[in-house]
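Only one structure is covered here, and it is reproduced in the block below.
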Amino acid sequence: MRWLVMVGGTVGVFCLSLAVCWADPLGVLPEDAGNRLGVATAASGAVSAAAAVPLAWWAGREASPPAVGRRVRQRATAKGRARLTQTAGPAADVDQRATARGHARLHQSGADQDPGTPGAGA
Numbered sequence: 002m003r004w005l006v007m008v009g010g011t012v013g014v015f016c017l018s019l020a021v022c023w024a025d026p027l028g029v030l031p032e033d034a035g036n037r038l039g040v041a042t043a044a045s046g047a048v049s050a051a052a053a054v055p056l057a058w059w060a061g062r063e064a065s066p067p068a069v070g071r072r073v074r075q076r077a078t079a080k081g082r083a084r085l086t087q088t089a090g091p092a093a094d095v096d097q098r099a100t101a102r103g104h105a106r107l108h109q110s111g112a113d114q115d116p117g118t119p120g121a122g123a
């Protein structure tokens, strides 16, 4: 859709500029119709090219990607027979900082891992 706006805008600027140049409000164009058309077309081409540059820059930019994830963090300490588990969906940043003592178990898995798989993301 952006490229359609860019092309339409550039054509619109060219047509508007050609109409203004043909009207010759400053009285600087030649009186002969053939020469007047040539000069007006050249000037309109330059103006539309100048307008096309920022429009092309805007149209060529990537659209902001939708937020696909979230930040998931876990800070924990486990002692004895405690169990720490972190399962995250499609997150851009998953972080687990945990300390285990004794028979405690730590487990972390992401969206692409089965949380029941031993050692997945551990």
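The sequence shown begins at 2 in this note's numbering and counts up by one. Backbone N, C-alpha and C define an ideal beta-carbon position, used for all residues, glycine too.
If you check the CB distance, residue 7 and residue 56 come in under 8 Å. The beta carbon of residue 84 is closer than 6 Å to those of 106 in its chain, skipping five residues each way along the sequence. Linking residue 88 to residue 81 through their CA atoms gives a straight-line distance of about 22 Å. For residue 24, the closest alpha carbon among the candidates 42, 10 and 11 is that of 42. The C-beta distance from residue 21 to residue 30 rounds to 11 Å, too long to meet the 8 Å contact threshold.
Rounded to the nearest angstrom, the gap between the Cα atoms of residue 13 and residue 61 is 19 Å.
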